[in-house]
Amino acid sequence: MTASIIDGKAVAAALRARLAERVKALPYTPGLRVVRVGEDPASGVYVRNKDRAAREAGLDSATLQLPEETPEAELLALVRRLNEDPAVDGILVQLPLPRQIDAAKVLAAIDPAKDVDGFHAMNAGRLATGQPGLVPCTPKGVMHLLAAAGTAIAGARAVVLGRSNIVGKPMAALLLAADATVTVVHSRTRDLASECRRAEILVAAVGRPEMVKGDWIAEGATVIDVGINRLPNGGLVGDVDFAAARERAAAITPVPGGVGPMTIACLLENTVDAAVARRK
């Protein structure tokens, strides 16, 4: 068996096109503001991609750049102003933040109705208890990819490798809400390989290059690789040994070109959803 490739670029492009049509039909323009503190190079590339994708979808998008030495109080004051601005529907504070700023305090200060990253404790609680709210972009993107692959989720054995608040925990909640039987595994799990082999759906989000070996994959499984790891030679690999896993899986995401494009597309989707919800 050689797995089919789940093309995240194509799925993301289709989602962005649908969002552009939604935006055209609205009597207002959804507004997104990205706040960036400092000059982290990886964040810079990501923010530029977000701005371009947002403009192409017809959103009113801008990045507010602050210097590296910005005090926490100044950033919190900016967040308050954005919370109060009726033209702003989505606020995203780009991580990581400089060490003088408490990221948890800043994220908690964002209006949950404008929290398009889905990181606010109120949105996390809504997700955990099955209530509507803004969902973290990467796990939401994974659900789009599973749908595009035609993967049956209800009743399936799903394993999420990783327990972060950004991916692992919300991913498990989304799969559970879709009626999967979900197991969360991590670095302290006994016999990690055996747990992964039980998965009909495996979502790897642990941040370790090619940690998941080919013989960890069940025959016919759907494998979603959230990891993006840069090697010393500059190449990018995921958390899964792609070549070996592809010989056992039924469907698999590549790195790059799998989950990554979906994160930005789902940020735009969250912004449009937030705009509509705020104006009901």
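Per numbering that gives the first Met the number 0, numbering of the sequence shown is gapless, rising by one per residue and ending at 279. Every residue gets a Cβ at the ideal spot worked out from N, C-alpha and C, and that includes glycine.
Check whether residue i and residue j have beta carbons under 8 Å apart
i: S3; j: A249; result: yes
i: T270; j: P26; result: no
i: D224; j: A203; result: yes
i: V158; j: E209; result: no
i: L145; j: G7; result: no
i: G161; j: V205; result: yes
i: T252; j: I5; result: yes
i: A273; j: V134; result: no
i: K104; j: I90; result: no
i: R156; j: T180; result: yes
i: P260; j: A86; result: no
Range covered by the alpha helix (DSSP H) that runs through residue i
i: I263; result: 259-277
i: A295; result: Residue coverage of the chain in this structure runs from 0 to 279, which leaves residue 295 outside it and unanswerable.
i: G7; result: 7-24
i: L191; result: 191-196
For residue j and residue i, the rounded distance between their alpha carbons
i: G226; j: Y45; result: 15 Å
i: A52; j: L18; result: 11 Å
i: R79; j: T69; result: 16 Å
i: V22; j: L58; result: 7 Å
i: V33; j: E218; result: 42 Å
i: N48; j: F118; result: 21 Å
i: L96; j: G234; result: 26 Å
i: V92; j: L63; result: 9 Å
i: E199; j: A72; result: 47 Å
i: V258; j: P111; result: 25 Å
i: N122; j: W215; result: 33 Å
i: G129; j: N232; result: 43 Å
i: G237; j: V141; result: 15 Å
i: A107; j: R247; result: 43 Å
i: T221; j: V239; result: 12 Å
i: G281; j: T1; result: Residue coverage of the chain in this structure runs from 0 to 279, which leaves residue 281 outside it and unanswerable.
i: G154; j: A244; result: 23 Å
i: N164; j: V183; result: 12 Å
i: L77; j: V36; result: 12 Å
i: A264; j: R197; result: 31 Å
i: L126; j: I100; result: 27 Å
Assigned exposure category for residue i - 16 Cβ within 10 Å defines buried
i: D88; result: buried
i: K139; result: buried
i: E20; result: exposed
i: L230; result: exposed
i: A276; result: exposed
i: S186; result: exposed
i: E268; result: buried
Span of the beta strand (DSSP E) around residue i
i: L30; result: The sequence given here places Gly at residue 30; Leu does not occur at that position. It spans 30-36 - the beta strand (DSSP E) in which G30 sits, taken as one unbroken run.
i: T62; result: 59-65
i: V202; result: 200-203
i: T221; result: 221-224
Proximity test, residue i beta-carbon vs the ligand SAH heavy atom, cut-off 7 Å
i: P135; result: Here there are no bound small molecules, and the ligand SAH is not part of this structure.
List, from N- to C-terminal side, the alpha helix (DSSP H) runs of 4 residues or more that fit wholly inside the segment 112-187. 120-127, 136-147, 167-176
Can you give, in chain order, each stretch of the alpha helix (DSSP H) that sits fully within the segment 84-114 and has at least 4 residues? 102-108
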